[in-house]
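Peer 1: This structure is in structure tokens; I'll ask about it shortly.
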Amino acid sequence: MKTFHCQYCGHPLFFENTKCLQCESALGFLADRLNLAAIEPVTPADDTLWRPRVRGRTPSPAHYRLCQNHATASLCNFMVPQADPNPLCASCRLTRVLPDLSQPENPGRWYRLEAAKRRLFYSLGRLGLLNSAPANGEADGPIFEFLADMPGQPVMTGHADGLITINVSEADDAERMKRRVEMHEPYRTLLGHFRHESGHYYWDRLIAEGGRQDSFRERFGDERTDYQQSLQEHYARGGTREGWQQEYVSEYASSHPWEDWAETWAHYLHMVDLLETAASYNTHLALPGQGQDVEEVLNPLETASPDFDALVDQWVPLTLLVNSLNRSLGQEDAYPFALSGAALEKLRYVHDVIREARSPAPQHAADEKDPEAGEPPDADRHAPHDADAATSQA
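Just so you know, the sequence shown maps onto residues 1 to 394 in full-length UniProt numbering.
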């Protein structure tokens, strides 16, 4: 995630911020512009409508409302365009079912779940994979249910028919760590779950509906292999498969072609997000094999058609830097993976599919120096997706 800047005073801002710590401006994320902005009430005595706030400039004609969840435990900082009839922002309206908020642990879980979902929403919007400002109160993207285990009714995190179910216990660090150890996983995060499950959703949209099954099978294998049996065999082996590192981004990816795709998809989102973060800090790297020459990290979400090899050339030393920083603080590696040539070619395939599928004029974040936080994207750029996958995927 990039670092934003306050249009009123220039102070650095972070994605979840609701107030600028320097000028104390209220902040709102303008999803139609994919940008975090300083905002002010249109009428000082009434906070019903808000507009971007820029010092010394004519007030913006673009007006917004706070998301209905702004004042709840979710503390959403996304804004709703004035003409949009939906009381929820474009991200919150994707959540269909919440856990019982009367239970003391669930409001905090809900906040962490929505925060992770908003980060996923941002990445998908920047990649042109969903409409971040759908018209007429509609929603675009996968639908979510956040559910808690009930006696005799455990909740399985997974995807089916365009619906992503997340077990709310994944928002608890201790429980997530326990499951990571039990399942022999080197990496398990809440955001990682959202990215993985979105991969299943976009397999339906981009591969099945996009007519790319043949090219998919050439790289990932035949997804018509019995899915449930493949998972049973994977867990019967105790999550171990000899030599998986030569072909897959993770051991779980070796269980079935669908999981290989979803794990690779999540990995690609890891890649572009980390590179965007590094670029926003003006990071420069000495790339392997180039002596003492340094190269500025590029932002793949601000590059119209980034070269995949260039992304990888920067990704590898950047992950080494991140891991070294973590070790300096006594932490485990943040990125405990080593990608083989075969795994990189699968990542290249995801990169190419996204590049082919995105709009010819993809949505992009506005220039933060624009006094009105940039112009809104063209309307009707993407049609809302229908959810009609046939098989449940974990």
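No residue lacks a Cβ here, since even glycine has one placed at the ideal position from N, Cα and C. Note that the coordinates shown come from a computational prediction; the quantities given were computed from them, not determined experimentally.
Is it the case that the Cβ atoms of TYR201 and GLY162 are separated by a distance below 9 Å?
Peer 2: Taking the sequence shown and counting its residues from 1, one reaches residue 201 at position 201. Taking the sequence shown and counting its residues from 1, one reaches residue 162 at position 162. Cβ distance < 9 Å, so TYR201 and GLY162 count as in contact.
Peer 1: Mind checking LYS2: buried by the 16 CB within 10 Å criterion, or exposed?
Peer 2: Within the sequence shown, numbered from 1, the residue matching residue 2 stands at position 2. Residue environment: LYS2 is assigned as buried (16 or more neighbouring CB atoms within 10 Å of its CB, all protein chains considered).
Peer 1: What residues are listed by DSSP as bridge partners for HIS267?
Peer 2: To locate residue 267, count along the sequence shown from 1; it is residue 267. In the DSSP output, where bridge partners are listed per residue, HIS267 has none listed.
Peer 1: Would the segment 170-180 count as touching the segment 130-142 if we require 3 or more Cβ pairs under 8 Å?
Peer 2: no
Peer 1: Could you name each continuous alpha helix (DSSP H) segment of 4 residues or more that falls completely within the segment 66-136, going from the start of the chain to the end?
Peer 2: 106-126
Peer 1: Would you list the residues sitting across from TRP50 in a DSSP beta bridge?
Peer 2: Mapped onto the sequence shown, residue 50 falls at position 50. Answer is PRO41, TYR64, bridged to TRP50.
Peer 1: Does the distance from the C-beta atom of VAL353 to that of ILE207 stay below 9 Å?
Peer 2: Here residue 353 corresponds to residue number 353 of the sequence shown, with the count starting at 1. Here residue 207 corresponds to residue number 207 of the sequence shown, with the count starting at 1. Yes, the pair counts as a contact, with Cβ atoms nearer than the cut-off.
Peer 1: So does the segment 192-201 actually touch the segment 248-262, counting three or more Cβ pairs closer than 8 Å?
Peer 2: yes
Peer 1: Spatial neighbours of LYS19 within its chain, please: C-beta separation below 8 Å, excluding the five flanking residues on both sides.
Peer 2: The residue given as residue 19 occupies position 19 in the sequence shown. These residues qualify, in order along the chain: SER25, ALA26, LEU27.
Peer 1: Which of the three DSSP states is assigned to LYS346 in this structure?
Peer 2: Here residue 346 refers to the residue found at position 346 of the sequence shown. LYS346 falls in the helix class under three-state DSSP.
Peer 1: Between the C-alpha atoms of SER328 and THR283, what's the straight-line distance to the nearest angstrom?
Peer 2: As a working note, residue 328 is residue 328 in the sequence shown. As a working note, residue 283 is residue 283 in the sequence shown. Distance between the alpha carbons of SER328 and THR283 is about 19 Å.
Peer 1: At which residues does the beta strand (DSSP E) containing ALA160 begin and terminate?
Peer 2: Walking along the sequence shown from the start, residue 160 turns up at place 160. Counting along the chain, the beta strand (DSSP E) containing ALA160 begins and ends at 158-160.
Peer 1: Cβ atoms of ARG188 and ARG179: under 9 Å apart, would you say?
Peer 2: Within the sequence shown, residue 179 is the residue found at index 179, counting from 1. Within the sequence shown, residue 188 is the residue found at index 188, counting from 1. Yes, the Cβ-Cβ distance between ARG179 and ARG188 is below 9 Å.
Peer 1: Given this structure, state the Cα-to-Cα distance separating LEU49 from ALA135, to the nearest angstrom.
Peer 2: Along the sequence shown, read from residue 1 onward, the residue named residue 49 stands at position 49. Along the sequence shown, read from residue 1 onward, the residue named residue 135 stands at position 135. Cα-Cα distance, rounded: 19 Å.
Peer 1: Restricting to runs no shorter than 4 residues, where is the alpha helix (DSSP H) found entirely within the segment 196-254?
Peer 2: Entirely contained in the segment 196-254, the alpha helix (DSSP H) runs reaching 4 residues are, in chain order, 213-220, 227-236.
Peer 1: Kindly confirm or deny that the segment 149-163 and the segment 82-94 touch, where touching means at least three C-beta pairs closer than 8 Å.
Peer 2: no
Peer 1: For GLU16, which of helix, strand or coil comes out of DSSP?
Peer 2: Start at 1 with the first residue of the sequence shown, and residue 16 comes out as number 16. GLU16: coil per DSSP, three-state reduction.
Peer 1: Please say whether LEU318 and VAL297 have beta carbons closer to each other than 9 Å?
Peer 2: Within the sequence shown, numbered from 1, the residue matching residue 297 stands at position 297. Within the sequence shown, numbered from 1, the residue matching residue 318 stands at position 318. Against a cut-off of 9 Å, the Cβ pair of LEU318 and VAL297 comes out as a contact.
Peer 1: The ligand ATP and THR48: does the residue's C-beta get closer than 8 Å to at least one heavy atom of that ligand?
Peer 2: Because no ligand of any kind appears in the structure shown, any question about the ligand ATP cannot be addressed here.
Peer 1: Among ALA38, ALA253, ASN167, which one has its Cα closest to the Cα of ASN106?
Peer 2: As a position in the sequence shown, residue 106 is number 106, starting the count at 1. Checked all of ALA38, ALA253, ASN167; the closest Cα to ASN106 is ASN167.
Peer 1: If you count every other CB in all the chains shown that lies within 10 Å of the CB of residue 430, and 16 or more means buried, which is it?
Peer 2: Outside the displayed span of the chain (1 to 394) sits residue 430, for which this structure offers no information.
Peer 1: For ASP84 and GLY137, I'd like the C-alpha separation in whole angstroms.
Peer 2: Sequence index remark: in the sequence shown, residue 84 carries index 84 (1-based). Sequence index remark: in the sequence shown, residue 137 carries index 137 (1-based). When rounded, the distance between both Cα atoms is 5 Å.
Peer 1: Identify whether MET1 lies in helix, strand or coil by the three-state DSSP scheme.
Peer 2: In the sequence shown, residue 1 corresponds to position 1, counting from 1. In the structure shown, MET1 sits in coil (DSSP, three-state: anything other than H, G, I, E or B).
Peer 1: Could you name the residues of the same chain whose beta carbon sits closer than 6 Å to that of SER392, not counting the 5 residues immediately before and after it, in chain order?
Peer 2: Translated into positions along the sequence shown, residue 392 becomes position 392. Any reading at SER392 is ruled out, since the residue's pLDDT is 46, under 50, leaving its predicted position unreliable.
Peer 1: Give every residue of the same chain whose Cβ lies closer than 6 Å to the Cβ of GLU247, excluding the five residues on either side of it in the sequence, and list them in chain order.
Peer 2: The residue labelled residue 247 in the question sits at position 247 within the sequence shown. Same-chain partners within the cutoff: ALA342.
Peer 1: Anyone know if the C-beta pair for HIS184 and THR95 falls short of 9 Å?
Peer 2: Taking the first residue of the sequence shown as 1, we reach residue 184 at position 184. Taking the first residue of the sequence shown as 1, we reach residue 95 at position 95. Their beta carbons are not under 9 Å apart, which means HIS184 does not touch THR95 by this criterion.
Peer 1: By how many angstroms is the C-alpha of PRO151 removed from the C-alpha of PRO300?
Peer 2: Taking the first residue of the sequence shown as position 1, residue 300 is located at position 300. Taking the first residue of the sequence shown as position 1, residue 151 is located at position 151. Roughly 45 Å between the two C-alpha positions.
Peer 1: Using CA coordinates, which residue listed in GLY108, LEU127, PRO99 is at the minimum distance from ASP149?
Peer 2: As a working note, residue 149 is residue 149 in the sequence shown. Closest by alpha carbon: PRO99.
Peer 1: Considering only C-alpha positions, which residue in the set ALA38, GLN22, LEU21 is nearest to PHE29?
Peer 2: Translated into the one-based positions of the sequence shown, residue 29 becomes position 29. Minimum Cα distance to PHE29 is reached at ALA38.
Peer 1: Consult DSSP for THR319 and reduce its assignment to one of helix, strand or coil.
Peer 2: The sequence position of residue 319 within the sequence shown is 319, counting from 1. Here THR319 sits in helix by DSSP.
Peer 1: I'd like the list of long-range same chain contacts for ALA361, defined as Cβ closer than 6 Å, with 5 residues on each side in sequence excluded.
Peer 2: Here residue 361 is taken as the residue at index 361 of the sequence shown, counted from 1. Residue placement at ALA361 cannot be trusted, given a pLDDT of 39 that sits under 50; the coordinates are not used to answer.
Peer 1: In whole angstroms, give me the CA-to-CA distance for PRO52 and GLU182.
Peer 2: Along the sequence shown, one-based indexing puts residue 52 at 52. Along the sequence shown, one-based indexing puts residue 182 at 182. About 48 Å.
Peer 1: Going by C-alpha to C-alpha distance, which of ALA279, TYR111, ASP226 sits closest to ALA171?
Peer 2: Sequence index remark: in the sequence shown, residue 171 carries index 171 (1-based). Closest option to ALA171, Cα to Cα, is TYR111.
Peer 1: Leaving out the 5 sequence neighbours to the left and right, which residues in its chain are closer than 6 Å to PHE308 when beta-carbon positions are compared?
Peer 2: The sequence position of residue 308 within the sequence shown is 308, counting from 1. Closer than 6 Å at the Cβ level, and outside the excluded window around PHE308, lie ARG348, HIS351.
Peer 1: Express the C-alpha separation of GLU251 and GLU145 in angstroms, rounding to a whole number.
Peer 2: As a position in the sequence shown, residue 145 is number 145, starting the count at 1. As a position in the sequence shown, residue 251 is number 251, starting the count at 1. Each residue's Cα considered, the two are about 27 Å apart.
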